[in-house]
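*Asks:* 3 is the number of the first residue of the sequence shown in the working numbering; add one for each residue after it. Dropping the structure in here first, questions after.
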Amino acid sequence: MDYVTTCKLWLLVGTLDSVLDSTAKVAPFRILHQTPDSQVYLSIACGANREEITKHWDWLEQNIMKTLSVFDSNEDITNFVQGKIRGLIAEEGKHSFAKEDDPEKFREALLKFEKSFGLPEQEKLVTYYSCSYWKGRVPCQGWLYLSTNFLSFYSFLLGSEIKLIISWDAISKLEKTSTVILTESIHVCSQGEHHYFSMFLHINETYLLMEQLANYALKRLFDKETFDNDPFLDDPLQITKRGLEYRAHSEQFKAFFRLPKEETLKEVHECFLWVPFSHCSTHGKMCISENYICFASQDGNLCSVIIPLREVLAIDKTDDSNRSVIISIKGKTAFRFSEVKDFEQMVAKLRLKCRAASTQDDVSSEVAVSSDSTGPSENFKEQPLTCPKECSKTVNTEALMTVFHPQNLENLDSKMLKEKMKEQSWNILFSECGRGVSMFRTKKTRDLVVRGIPETLRGELWMLFSGAVNDMATNPGYYAEAVEQSLGASNLATEEIERDLRRSLPEHPAFQSDTGISALRRVLTAYAYRNPKIGYCQAMNILTSVLLLYAKEEEAFWLLVAVCERMLPDYFNRRIIGALVDQAVFEELIRDHLPQLTDHMTDMTFFSSVSLSWFLTLFISVLPIESAVNVVDCFFYDGIKAILQLGLAILDYNLDKLLTCKDDAEAVTALNRFFDNVINKDSPLPSNVQQGSNISDEKSNHTKVDITDLIRESNEKYGSIRYEDIHSMRCRNRLYVIQTLEETTKQNVLRVVSQDVKMSLQELDELYVIFKKELFISCYWYLSCPGLKHHDPSLSYLEQYQIDCQQFRVLYHLLSPWAHSANRDSLALWTFRLLDENSDCLINFKEFSSTIDIMYNGSFTEKLKLLFKLHIPPAYTEVMSKTSSKGDDELSTEELLYFSQLQVSKPADEKETESGRNSPEKGKGKIDIQAYLSQWQDELLKKEENIKDLPRMNQSQFIQFSKTLYNLFHEDPEEESLYQAIAIVTNLLLRMEEVGRKLHSPASSAKEFSSAACGSGPSEGNAEGSVKEDPSPPREEHQWSFAFEQILASLLNEPALVRFFERPLDLKVKLENAKSSQLRSRTKM
């Protein structure tokens, strides 16, 4: 049966590659089956050489030909042979990821993928496409395979084979491009190399899947904070093409309708919705999730509706031929959908959903904090729960604006009259389109938002357009509970919050009083409790201050949740990746819409640096408050699109001034002067609150710009920018931003490490790439990986990537010049234990590179000292492998992890000293600067380590040390000389120890010591006699040990040993071999 497996391989090669793939390589030797009187030949087997094809023929004789004699006709023989082939193919398919319901072509493609690239069998093929790979101006026709962790291409044309494997985490640029030669192609940039793929069909589908897989890999490997919140992609082995497409549609659905992140798109139906105020039906799509029914017209801006199932009272179907569904909601409103396919089945499903939603509402009303909330931070001190009603007494139930600036209805000036006219316009819209979460949203709604939302309606409409109203409705009592839980907490986030409270809109009366400050403190602290991964980030205080002006305190909290977790994803975390991505999108839009500005500016990063605050604070930090709130209005309605449009409009307005600027400082001054002169002429706020009215006379000479006109102009000029384009640009630039951050991390690590090693910068760079790649490769096919679990971008650069003992063993085998030793697994284990000083079973790149540097560039003494330290505690531990059949010293993964975690007992005072050396970042309290200084001082002292401070090596350790040296010398050109030298050294050391033992023996005399020093025979006998007379226990007397100086001095006397350890080693060649074999070492080939 062993040969059956081999037969499967050649069978698949011959049958599938040669017949189904026009680009497949034709084997030089083949076995064909022909039915007599037939022109059809079946390819049964193929081989690369005569020996291989002969083996196939022998197998056919033994397993098939003997059976053929039982058949009466040639047709029966042919059918039997065909059935046997198909059976072998099916048997091979059982061990692959192809499911039984997969199309046969996909199964065949999967088998070709596995054979062509030899990747580990866990690698999941997602899809494949026929395409051309361009090498210069020559296209190479072949197959593009997209799998969970790799983009792979294979081609065999005119005797030339091309095989390309690119890991998704190495891609820094992915885009669709057009050139003179290619009308449209996919451009992939990986580690400085550019690759172009073109295809006749499915280029958009291919590009979107590549984009999703690349972003998935980046989230999983680089951006742990985001990935932890994305359970859909937890298991890399469950990813499918259909699943990725489904997820993409679901994400677009949630983003468009601003639904909670827990929602997923379940069904989509094309239908018509009756629009009562237009007296007609509009065509569009009904989208159904777990708790919402949504509708958007074909042109999304024309009409859209969101119906929460919690609001639904009844769902009815009509008996007419229009296949209509009528949904009645609270407030005596009904929506009629017609021409719904399978409307009866859909009505039944919706009724079940409504019953489930009503039951859930009853349960949630009894629970203070919902189950989908994020768990409390470890840094928050738990406090006993109190009744939410008691807590609500301290929570503001009114917006701060109504408290500090109540409207005077008796004295209506021109601005107040305009404000009342705005309110009237909205009331008319409410009467036509409805009011509340299920109102019709039309072009007229957008026009009113652009003009500015009235002060009295701002909080309500912000909640509505942002989707925060849904979060608050489904989590009753959550905020009061969060405030109570976080009350009195003390940690880094609360300290930063306290520091910034008085800096939040300090000129506004609301935040000059304890009322506003206390509300701001409660909201920010409650959010830090809800989302400890973000905690508190600068700019959150400014945004929350404005939210509190127009929304009730609990509403402001849910608005902050909507902004931080949905509308501006990844903005408010430690690396502000989301903001940096949108900066890159903004630069791309500037290149497209303002090319003359791009040509003038020598460095596009100017726009990123000057506009970062625009995005983080939604222009609140640069515009007067009365103008900034209009921008926030548009942001809650249109999302990031509104901010991008306004940014372009501002640059366009100042285009002439910017083109005359000679440097960045002059351009910044011009923009700041512009912002100072933006006004809101219709703002009803008192003059003591308005910031735009408090400018000096000198500045007042400049032209005033009304914010409403500026926003209207941004919509007219740049309103054509689509949500889909922004999403695509975000995905594309996310790759670039994260890879740029990773490159910065690498450069910082290399700068620190290069000071302590003798390697060249290029060698250190290549070593870092291999180190990091090993961490990622070990995480490709596993659900939970320690490397990912411990990866934290907030830590220092050196601590961001750390490897465990198993990963270190692989690297040791690939890179160590001592990896040929029979006990290489033990050496790898002891080396890891030596480097793992804090006993967390992880080591960083600095520790790893220092050891590799000693092995290749260290002096004779340094290399010997390393070997010596490997054979004494804490590094050394006796290794006993249970799987002796594997070889001399090969350890299983379980054994390796067990021995790596084995603790060596140490004196109590030493334990206390080491406990104080643990990284101060690993504590739960605030960072201890004194601990950092102490740790730094310890590292400096390590560099001055004296060889005299090394402990002595005992008997069993010295025996193992000698064995290691023998293993290292195996198959060396001077093997015999080295063996003789080590035998001489060992004998000499033992005799020296004998002398030392006599010296310290209480019964020995000066005469005996003198004789022993001369090496006379009788003295040895006398020494043995003295041992017997010694009253001390014999076991202790026979224990002997060596100091490092003794071993060093002895080895220096042997030229062969000195030559061996001082022989120059080529690290560059080793690094090249490691890079090429790093992935291959895990394949099944």
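For each residue, glycine too, the CB sits at the ideal point set by N, CA and C.
Which one or two residues does DSSP pair with M288 in a beta bridge?
*Replies:* DSSP, once it has assigned bridges, lists H271 and F297 as partnering M288.
*Asks:* Determine the direct distance from the alpha carbon of N859 to that of L1067, and round the result to whole angstroms.
*Replies:* Their backbone Cα atoms lie some 8 angstroms apart in a straight line.
*Asks:* Under three-state DSSP, which class holds G461?
*Replies:* Looking at G461 - three-state DSSP - the assignment turns out to be helix.
*Asks:* Report the residue ranges of all alpha helix (DSSP H) runs contained in full by the segment 707-755; include only those spanning at least 4 residues, in chain order.
*Replies:* If we require 4 residues or more, the alpha helix (DSSP H) runs fully inside the segment 707-755 come out as 709-720 and 725-755.
*Asks:* Please report the straight-line C-alpha distance between N493 and D974, rounded to a whole angstrom.
*Replies:* N493 and D974: Cα-Cα distance of roughly 60 angstroms.
*Asks:* From E392 to E483, what distance separates their C-alpha atoms?
*Replies:* Low per-residue confidence applies at E392: pLDDT is 41, beneath 50, and the placement is therefore not dependable enough to give any value.
*Asks:* Would DSSP call N65 helix, strand or coil?
*Replies:* Correct three-state label for N65: helix.
*Asks:* Which residue marks the beginning of the beta strand (DSSP E) containing Y43, and which one marks its end?
*Replies:* Its beta strand (DSSP E) spans residues Y43 to G49.
*Asks:* Identify the continuous alpha helix (DSSP H) that holds H251 and give its terminal residues.
*Replies:* Counting along the chain, the alpha helix (DSSP H) containing H251 begins and ends at K243 to F259.
*Asks:* Roughly how many angstroms lie between the CA atoms of E498 and E726, to the nearest whole one?
*Replies:* Between E498 and E726, the C-alpha separation is close to 37 angstroms.
*Asks:* For M212, count the other beta carbons within 10 Å of its own beta carbon; 16 or more makes it buried, fewer makes it exposed. Which is it?
*Replies:* M212 comes out buried.
*Asks:* Quick one: using the 10 Å Cβ neighbour count with 16 as the cut-off for buried, is E486 buried or exposed?
*Replies:* Buried is the call here.
*Asks:* By alpha-carbon positions, which one of V277, K256 and L868 ends up nearest to S340?
*Replies:* When only C-alpha atoms are compared, the closest one is V277.
*Asks:* Under the assumption that C781 contacts L223 (Cβ atoms under 8 angstroms), give the Cβ distance between them as a whole number of angstroms.
*Replies:* Indeed, because the Cβ distance is near 7 angstroms, the residues count as touching under 8 angstroms.
*Asks:* Take the Cβ of P508 as the centre, count every other Cβ of all protein chains shown within 10 Å, and call the residue buried at 16 or more, exposed below.
*Replies:* Flag for P508 reads exposed.
*Asks:* By the DSSP assignment, the beta strand (DSSP E) with L1050 in it spans what residues?
*Replies:* Unbroken run through L1050 is the alpha helix (DSSP H), F1046 to L1054; no beta strand (DSSP E).
*Asks:* Per DSSP, K1099 forms a beta bridge with which residues?
*Replies:* Given a span of 3 to 1087 for the chain in the structure shown, any question on residue 1099 remains unanswerable.
*Asks:* Roughly how many whole angstroms lie between the Cα atoms of V471 and W560?
*Replies:* Between V471 and W560, the C-alpha separation is close to 8 angstroms.
*Asks:* By the DSSP assignment, the alpha helix (DSSP H) with Q959 in it spans what residues?
*Replies:* Where Q959 is concerned, the enclosing alpha helix (DSSP H) stretches over Q957 to F971.
*Asks:* Go through the segment 492-539 residue by residue and report every complete run of the alpha helix (DSSP H) that reaches 4 residues or more, in order.
*Replies:* Segments of the alpha helix (DSSP H) lying fully in the segment 492-539: 494-502 and 516-532.
*Asks:* By Cβ distance below 7 angstroms, which residues in the same chain neighbour Q385 in space, the five residues on each side in sequence not counted?
*Replies:* Here the model assigns Q385 a pLDDT of 37, short of 50, so the residue's position is not dependable, and the following value carries that caveat. Around Q385: Q487, L489 and G490.
*Asks:* Roughly how many angstroms separate the alpha carbons of E63 and L34, rounded to a whole number?
*Replies:* E63 and L34: Cα-Cα distance of roughly 14 angstroms.
*Asks:* Let me check understanding here. Comparing Cα to Cα, which of P534, Y43 and R32 lies closest to I55?
*Replies:* Selected option, being the one with the closest Cα: R32.
*Asks:* Assuming I723 and I642 are in contact, meaning their beta carbons sit under 8 angstroms apart, how far apart are those beta carbons, in whole angstroms?
*Replies:* Contact doesn't hold; Cβ gap of about 10 angstroms is too wide.
*Asks:* Taking C-alpha atoms, which residue in E163, F155 and L215 lies nearest to Y198?
*Replies:* If we check each option's Cα against that of Y198, F155 comes out closest.
*Asks:* Roughly how many angstroms separate the alpha carbons of R1082 and R954, rounded to a whole number?
*Replies:* Spanning the two alpha carbons is a distance of roughly 42 angstroms.
*Asks:* Can you tell me which of the three DSSP states T129 falls into?
*Replies:* Reduced to three states, the DSSP call for T129 is strand.
*Asks:* Find the nearest neighbour of L660 within the set H602, L1073 and T619, judged by alpha-carbon distance.
*Replies:* Nearest C-alpha to L660: H602.
*Asks:* Drop a sphere of 10 angstroms on the beta-carbon of E1031, count the other beta-carbons inside from all chains shown, and report buried for 16 or more, exposed for fewer.
*Replies:* With a pLDDT of only 39 at E1031, under the threshold of 50, the placement of this residue in the model should not be trusted, and no figure is reported.
*Asks:* On the three-state DSSP scale, how would you describe F337?
*Replies:* Looking at F337 - three-state DSSP - the assignment turns out to be strand.
*Asks:* Going by the CB atoms, is the gap between F259 and I295 shorter than 7 angstroms?
*Replies:* Going by C-beta atoms, I295 is not nearer than 7 angstroms to F259.
*Asks:* As a quick exercise: from H815, S902, V327 and E880, pick the residue whose alpha carbon is nearest that of E839.
*Replies:* Minimum Cα distance to E839 is reached at S902.
*Asks:* Does DSSP put W820 in a helix, a strand or coil?
*Replies:* In the structure shown, W820 sits in coil (DSSP, three-state: anything other than H, G, I, E or B).
*Asks:* Straight-line CA distance for A316 to S326?
*Replies:* Rounded to whole angstroms, A316 to S326 spans 14 angstroms at the Cα level.
*Asks:* For C566, is the classification buried or exposed, using 16 other Cβ atoms within 10 angstroms of its Cβ as the cut-off for buried?
*Replies:* Result: buried.
*Asks:* Within 8 angstroms, do at least three Cβ pairs link the segment 730-745 to the segment 833-851?
*Replies:* With a cut-off of 8 angstroms, the segment 730-745 and the segment 833-851 do not count as touching, because too few Cβ pairs lie within range.
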